[in-house]
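K.L.:
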Amino acid sequence: MSLILDHVSYSYDVGTSYKQEALKDINIVIPDGQFVGLIGHTGSGKSTLIQLLNGLLKPTSGNIYYNGQDINDSDYDRKTLRSKVGLVFQYPEHQLFEENVFKDVCFGPKNLGLDEKEVNLRAYDALEKVKLSHDYFYQSPFDLSGGQKRRVAIAGILAMKPEVFILDEPTAGLDPKGSEEILTLIKNLQKDTGMTVILVSHNMEDVASYVDRILVMNKGELKMDGSPKDVFKKTEELSNMGLRAPEVTYIVRELRKKGFPVDDSAITVSEAKETILNALYHKILNE
124 MSLILDHVSY
134 SYDVGTSYKQ
144 EALKDINIVI
154 PDGQFVGLIG
164 HTGSGKSTLI
174 QLLNGLLKPT
184 SGNIYYNGQD
194 INDSDYDRKT
204 LRSKVGLVFQ
214 YPEHQLFEEN
224 VFKDVCFGPK
234 NLGLDEKEVN
244 LRAYDALEKV
254 KLSHDYFYQS
264 PFDLSGGQKR
274 RVAIAGILAM
284 KPEVFILDEP
294 TAGLDPKGSE
304 EILTLIKNLQ
314 KDTGMTVILV
324 SHNMEDVASY
334 VDRILVMNKG
344 ELKMDGSPKD
354 VFKKTEELSN
364 MGLRAPEVTY
374 IVRELRKKGF
384 PVDDSAITVS
394 EAKETILNAL
404 YHKILNE
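According to the working numbering, the residues represented by the sequence shown are 124 to 410, in order.
#1: Span of the beta strand (DSSP E) holding SER184?
#2: Contact check, PRO369 vs THR398 under 8 angstroms by CB: the rounded distance?
#3: Mapping the DSSP letters down to three states, classify MET364 as helix, strand or coil.
#4: Tell me whether SER140 sits in a helix, a strand or coil according to DSSP, three-state version.
#5: Decide if PHE355 is buried, meaning its Cβ has at least 16 other Cβ atoms within 10 Å, or exposed.
#6: In angstroms with no decimal places, state the Cα-to-Cα distance between VAL371 and MET327.
#7: When you compare only the Cα positions, how much space is there between ALA402 and LEU204?
#8: Taking the beta strand (DSSP E) that GLU344 belongs to, which residues open and close that run?
#9: Could you check where the alpha helix (DSSP H) with LEU338 kicks off and where it finishes?
#10: Classify ALA395 as helix, strand or coil using the three-state DSSP reduction.
#11: The beta strand (DSSP E) that contains GLY163, what's its start and end?
#12: Identify whether ILE419 lies in helix, strand or coil by the three-state DSSP scheme.
#13: Kindly provide the ranges of any alpha helix (DSSP H) runs that are 4 or more residues long and lie completely inside the region 271 to 348, ordered along the chain.
#14: Have a look at the DSSP bridge pairing and note the partners of GLY178.
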């Protein structure tokens, strides 16, 4: 069933002179199995929004429904919510604390009250899914590289078998190869399991390449909601919010302006490559 935000607003420091409105009347429906990108400038409300979805914060007003139930009802089981709506923070070290990797990944399923055999099976399966070498299973998570730590943090959530997986800047600080590996891993997991994925990112190239839908936040409001092509064609509106489309978008548009017959809706490197090569091919044929 879908994840629904119904007229959700949130303010920090309510009742004080420092009150700050972080979210304003947000209405979103996220169907099962969708890969959603959440973008916005710093301070746009992205982090507040994902903490609301995970039950870490409670709306100042409005309702959030998961599987048809209001997650902020007094009798709603928050423990179950956090096993079904998993959140990986931007800095994986904030989620890692056990003496070795395997124990760390066991922590979540153990807290679900599962028996030891099931806990161990889930941890092993999750570490296999994130393709972490067995050599690291019994090492301290703090001795790992940034990319390896992210894999462990992701495995810790996967071991609880979530239905919604939220990732806050999972590629921050990684080199291009590491970023591609992490995002391809997440995309494959989403396809294989059918879980919903919400990806928070400042990297427009990553968003364009992997997500089905983009939500654009600005100053606490939802400003855009559409497919990557629909959102990224609005370059002027994005610019007014301090955002940019993927760089290839500007390249193909400039080529089009100069009379080169390319598809100026290209938003990924592979799309740009294909349309430029096709244009060159037809140009050669016509000469």
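The beta-carbon is built from N, C-alpha and C at its ideal position, and this holds for glycine as well.
The structure displayed is predicted, hence computed values, not measured ones.
P.N.:
For this structure:
#1: As a working note, residue 184 is residue 61 in the sequence shown. Here the beta strand (DSSP E) through SER184 covers 184 to 189.
#2: Here residue 369 corresponds to residue number 246 of the sequence shown, with the count starting at 1. Here residue 398 corresponds to residue number 275 of the sequence shown, with the count starting at 1. Rounded, the Cβ-Cβ distance is 14 angstroms, inconsistent with contact.
#3: The residue given as residue 364 occupies position 241 in the sequence shown. In this structure, MET364 counts as coil in the three-state DSSP scheme.
#4: In the sequence shown, the residue the question calls residue 140 occupies position 17. Coil at SER140, not helix or strand.
#5: By one-based count along the sequence shown, residue 355 stands at place 232. PHE355 should be labelled buried.
#6: Position 248 of the sequence shown, counted from the start, is the residue given in the question as residue 371. Position 204 of the sequence shown, counted from the start, is the residue given in the question as residue 327. When rounded, the distance between both Cα atoms is 10 angstroms.
#7: On the sequence shown, residue 402 is found 279 positions in, with the first residue counted as 1. On the sequence shown, residue 204 is found 81 positions in, with the first residue counted as 1. Cα-Cα distance, rounded: 51 angstroms.
#8: Here residue 344 refers to the residue found at position 221 when the sequence shown is read from its first residue. Element bounds for GLU344: 344 to 349.
#9: Taking the first residue of the sequence shown as position 1, residue 338 is located at position 215. No alpha helix (DSSP H) contains LEU338, which is instead part of the beta strand (DSSP E) from 336 to 341.
#10: Here the question's residue 395 lines up with position 272 in the sequence shown. If DSSP states are grouped into helix, strand and coil, ALA395 belongs with the helices.
#11: Here residue 163 refers to the residue found at position 40 when the sequence shown is read from its first residue. GLY163 -> beta strand (DSSP E) spans 158 to 163.
#12: In the structure as shown, the chain starts at 124 and stops at 410, and residue 419 therefore has no counterpart that could be examined.
#13: With a minimum length of 4 residues, the continuous alpha helix (DSSP H) runs that stay inside the region 271 to 348 are 299 to 316, 327 to 333.
#14: Taking the first residue of the sequence shown as position 1, residue 178 is located at position 55. According to DSSP, GLY178 bridges with nothing at all.
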